[in-house]
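Engineer: My structure is below; once you've seen it, I'll send some questions.
2 protein chains.
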Amino acid sequence: MDWQLSFVGLGLNGIQSLSNEALHVLEEADKIYIESYTNFLEPNLRKDLISQFKKPVKLLLREDLEQREDAFLSLCRSVRIALLVPGDPFIATTHVALRLSAIRKDIRVHVVHAPSILSVAPAITGLSAYRFGRTATVAFQRSKYCYDILSANLQISAHTLLLLDIDVASGRFLDINTAIDQLAGLENEYEEDVFTEKLLLFGLSRLGTRNAEVRIGSPAHISKLDWKTVGPPQSLIVCSELQAYEEESIQVLWGKQISR
Amino acid sequence: MDWQLSFVGLGLNGIQSLSNEALHVLEEADKIYIESYTNFLEPNLRKDLISQFKKPVKLLLREDLEQREDAFLSLCRSVRIALLVPGDPFIATTHVALRLSAIRKDIRVHVVHAPSILSVAPAITGLSAYRFGRTATVAFQRSKYCYDILSANLQISAHTLLLLDIDVASGRFLDINTAIDQLAGLENEYEEDVFTEKLLLFGLSRLGTRNAEVRIGSPAHISKLDWKTVGPPQSLIVCSELQAYEEESIQVLWGKQISR
Chain A
272 MDWQLSFVGL GLNGIQSLSN EALHVLEEAD KIYIESYTNF LEPNLRKDLI SQFKKPVKLL
332 LREDLEQRED AFLSLCRSVR IALLVPGDPF IATTHVALRL SAIRKDIRVH VVHAPSILSV
392 APAITGLSAY RFGRTATVAF QRSKYCYDIL SANLQISAHT LLLLDIDVAS GRFLDINTAI
452 DQLAGLENEY EEDVFTEKLL LFGLSRLGTR NAEVRIGSPA HISKLDWKTV GPPQSLIVCS
512 ELQAYEEESI QVLWGKQISR
Chain B
272 MDWQLSFVGL GLNGIQSLSN EALHVLEEAD KIYIESYTNF LEPNLRKDLI SQFKKPVKLL
332 LREDLEQRED AFLSLCRSVR IALLVPGDPF IATTHVALRL SAIRKDIRVH VVHAPSILSV
392 APAITGLSAY RFGRTATVAF QRSKYCYDIL SANLQISAHT LLLLDIDVAS GRFLDINTAI
452 DQLAGLENEY EEDVFTEKLL LFGLSRLGTR NAEVRIGSPA HISKLDWKTV GPPQSLIVCS
512 ELQAYEEESI QVLWGKQISR
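Heads up: the protein sequence lines correspond to chains A and B, in order.
Using our numbering, the first residue of the first sequence is number 272, and each one after it goes up by one.
Using our numbering, the first residue of the second sequence is number 272, and each one after it goes up by one.
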């Protein structure tokens with residue numbers, strides 16, 4: 272295939288998620304980079320890639336793109352670069368921006384898709400993927416944005432996936448307890464009857480891996496678990512009213528009878 | 272791993288999309304089934320799987336599940352079955368139903384995730400994945416359902432992914448021209464100012480494969496292409512108002528200047 276920069280999705284489960292197509296691209300590449308600032312990496316990923324592909328594997332840092340993007344893209348003119356990114360490429364805006372810069376410089380861009388939390392979260396929980404509305408991030412810094420998205424989704428009977436912020440450089444992540452506190456605080460302040468104790472939530476961590484943690488219940492119930500000790504990445508699903516087949520799925524998968 | 276029935280996502284690109292994890296499961300399985308009634312299969316898939324894995328590969332038909340589900344699930348007690356399904360497993364409700372039946376019979380169920388149109392469609396088009404609302408299917412039989420979902424999404428400034436129906440048994444698929452006619456017909460009838468010529472659409476076929484076709488423009492512009500000859504599966508995206516970074520993406524990727 273004729274490409275100079277290939278964005279290769281790592282999915283949610285590290286090297287296990289790599290597809291045939293991804294392996295082929297990694298073999299063809301001269302150099303492999305791992306985007307290392309939007310998500311925490313598995314400890315052995317770089318070492319495993321070096322031993323499997325016998326070629327240089329480097330970490331791509333935030334400053335490589337923010338301050339030295341031109342240098343990185345110039346490199347793509349002389350060697351073929353496979354850039355591993357978490358999940359499915361181009362879901363995170365930072366990868367979209369790099370893609371656009373590359374295309375503007377006439378670098379031939381290629382993509383290998385991989386599982387994304389956008390389909391895995393519905394699949395795991397038993398909720399209908401078709402019934403999800405807009406997705407929002409709950410940021411470290413409290414903002415009404417996620418509350419407004421939740422409100423809009425509930426208005427049209429849509430579930431909401433809330434992704435919780437992480438800060439790879441400092442090793443911090445927003446845990447579910449803190450996110451629930453933040454949403455409850457927004458409810459106290461704005462009183463729009465959006466984030467209430469009546470809601471059914473899923474608390475999710477490390478989805479798609481063997482260490483995934485899934486809890487279902489009211490905000491108070493989900494908050495009983497100390498999510499700080501569970502580890503990132505974490506997310507929440509706020510359910511809108513459930514269809515009968517979703518209730519059935521939840522009952523079979525999670526043993527939870529939904530009272531109507 | 273300890274499982275009796277593994278749902279293995281085929282992604283959107285056949286055997287090329289299979290992950291390391293999927294290959295491992297297919298090796299461990301005693302028998303491989305391919306779910307063959309929710310999507311058209313690549314012509315060589317079964318033959319390729321037989322030659323790669325040297326074990327029986329069967330097609331799972333609709334009547335195998337609708338009339339002989341018990342027999343299929345009993346089989347999982349004596350041999351390990353890997354069931355290949357298109358996209359990411361458990362997005363289609365038919366696979367969710369089988370999963371629930373299996374769990375009710377104490378069959379140990381396992382899943383291998385794969386790329387889904389839910390993340391690939393935003394990634395390919397340059398639209399923000401976070402701004403998509405509820406997904407709907409446009410069925411052969413005209414129904415107001417998809418029009419109502421579109422209306423609800425537009426109300427909260429969300430894009431809409433519309434999946435177009437297929438009927439594998441008869442080889443029919445709903446093409447984009449017919450779907451647009453259907454939506455325009457609903458607009459004529461209900462006059463809720465939902466599906467109008469002002470909208471920006473993406474017409475998409477065979478997304479995630481090398482033969483993908485992407486068109487962007489007004490309903491009339493998209494309809495200029497004869498989608499019947501392009502082949503399935505097809506889908507539409509109806510854009511809500513675009514954010515600046517989405518306009519930029521669309522301009523770079525598709526050369527289309529958006530007038531405001």
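Note that CB positions come from ideal geometry on N, CA and C, so glycine has one too.
Determine the contact status of G404 of chain A and R405 of chain B, defining contact as a CB-CB distance below 8 Å.
Structural biologist: yes
Engineer: Is the shortest distance between the beta-carbon of P357 of chain A and the beta-carbons of chain B less than 8 Å?
Structural biologist: no
Engineer: Taking C-beta to C-beta, are I286 of chain A and D335 of chain A nearer than 8 Å?
Structural biologist: no
Engineer: Which of the three DSSP states is assigned to F278 of chain A in this structure?
Structural biologist: strand
Engineer: Chain A beta carbons: is any one of them nearer than 8 Å to that of Y308 of chain B?
Structural biologist: no
Engineer: Taking only runs of the alpha helix (DSSP H) that begin and end inside the segment 361–398 of chain B, which ones reach a length of at least 4 residues, in chain order?
Structural biologist: 364–375 and 388–396
Engineer: Looking only at C-alpha atoms, which of A:T309, A:D419, A:E458 and A:A394 sits nearest to A368 of chain B?
Structural biologist: A:A394
Engineer: Mind checking the segment 403–416 of chain A against chain B and listing, in chain order, the residues whose C-beta falls within less than 9 Å of any C-beta there?
Structural biologist: Listed by position along the chain: F403, G404, R405, T406, A407 and T408.
Engineer: Could you give the distance in angstroms between the alpha-carbon of S414 of chain B and the alpha-carbon of L433 of chain B?
Structural biologist: 13 Å
Engineer: When we look at the beta-carbon of N315 of chain A and count the other beta-carbons within 10 Å, is it buried (16 or more) or exposed?
Structural biologist: The residue is exposed, with fewer than 16 neighbouring Cβ atoms inside 10 Å.
Engineer: Decide if N284 of chain B is buried, meaning its Cβ has at least 16 other Cβ atoms within 10 Å, or exposed.
Structural biologist: buried
Engineer: Among the residues of its own chain, which have a CB less than 8 Å from the CB of D436 of chain A, if the five just before and after it don't count?
Structural biologist: T408, V409, A410, F411, F444 and L445
Engineer: Could you give the residue range of the beta strand (DSSP E) that holds A407 of chain B?
Structural biologist: Segment A407 to V409, the beta strand (DSSP E) holding A407 of chain B.
Engineer: Would you say T431 of chain A reaches chain B, if we count a Cβ-Cβ gap shorter than 8 Å as a contact?
Structural biologist: At a cut-off of 8 Å between beta carbons, T431 of chain A makes no contact with chain B.
Engineer: Quick one: does L289 of chain A have its CB under 8 Å from some CB of chain B?
Structural biologist: yes
Engineer: Work out the CA separation of T449 of chain A and V465 of chain B for me, nearest whole Å.
Structural biologist: 39 Å
Engineer: Quick check on T449 of chain B: does DSSP put it in helix, strand or coil?
Structural biologist: helix
Engineer: For G456 of chain B, would you say it is in contact with chain A, using Cβ-to-Cβ distances shorter than 8 Å as the test?
Structural biologist: no
Engineer: Could you tell me the boundaries of the alpha helix (DSSP H) in which G349 of chain B lies?
Structural biologist: Checking the displayed sequence, the identity of residue 349 of chain B turns out to be Ser instead of Gly. Looking at the DSSP string, the run of the alpha helix (DSSP H) that includes S349 of chain B is E340 to S349.
Engineer: Show which residues of chain A have a CB atom less than 9 Å away from the CB atom of T364 of chain B.
Structural biologist: S399, Y401 and Y516
Engineer: Compute the beta-carbon to beta-carbon distance between F473 of chain A and I508 of chain A, rounded to the nearest angstrom, for a pair I have assumed lies under 8 Å.
Structural biologist: 4 Å
Engineer: May I have the straight-line CA-CA distance separating R370 of chain A from I420 of chain A, to the nearest angstrom?
Structural biologist: Distance between the alpha carbons of R370 of chain A and I420 of chain A is about 27 Å.
Engineer: Just the C-alpha distance for A423 of chain A and A429 of chain B, rounded to the nearest angstrom, thanks.
Structural biologist: 10 Å
Engineer: Return the residue from the list A:F343, A:S399, A:S307 and A:I493 that minimises the CA-CA distance to E512 of chain A.
Structural biologist: A:S399
Engineer: In whole angstroms, give me the CA-to-CA distance for S476 of chain B and F278 of chain A.
Structural biologist: 22 Å
Engineer: Starting from K415 of chain B, follow the beta strand (DSSP E) in both directions and report where the run begins and ends.
Structural biologist: Looking at the DSSP string, K415 of chain B is not in any beta strand (DSSP E), and its letter there is neither H nor E.
Engineer: Name the two residues that bound the continuous alpha helix (DSSP H) containing S322 of chain A.
Structural biologist: L316 to F324
Engineer: Helix or strand or just coil, what does DSSP make of K527 of chain B?
Structural biologist: In the displayed model, K527 of chain B falls within coil according to three-state DSSP, outside both helix and strand.
Engineer: Take every Cβ of the segment 372–390 of chain A, pair it with every Cβ of the segment 317–332 of chain A, and state whether three or more of those distances are shorter than 8 Å.
Structural biologist: no
Engineer: Using CA coordinates, which residue listed in A:P327, A:P360, A:H366 and A:T364 is at the minimum distance from I352 of chain A?
Structural biologist: If we check each option's Cα against that of I352 of chain A, A:P327 comes out closest.
Engineer: Quick check: is any heavy atom of the ligand HEM less than 7 Å from the C-beta of S441 of chain A?
Structural biologist: You won't find the ligand HEM in this model; it holds no ligand whatsoever.
Engineer: Determine, using beta carbons only, whether A455 of chain B and P490 of chain B come nearer to each other than 8 Å.
Structural biologist: yes
Engineer: In this structure, does DSSP put Y304 of chain A in helix, strand or coil?
Structural biologist: DSSP places Y304 of chain A in strand when its eight states are reduced to three.
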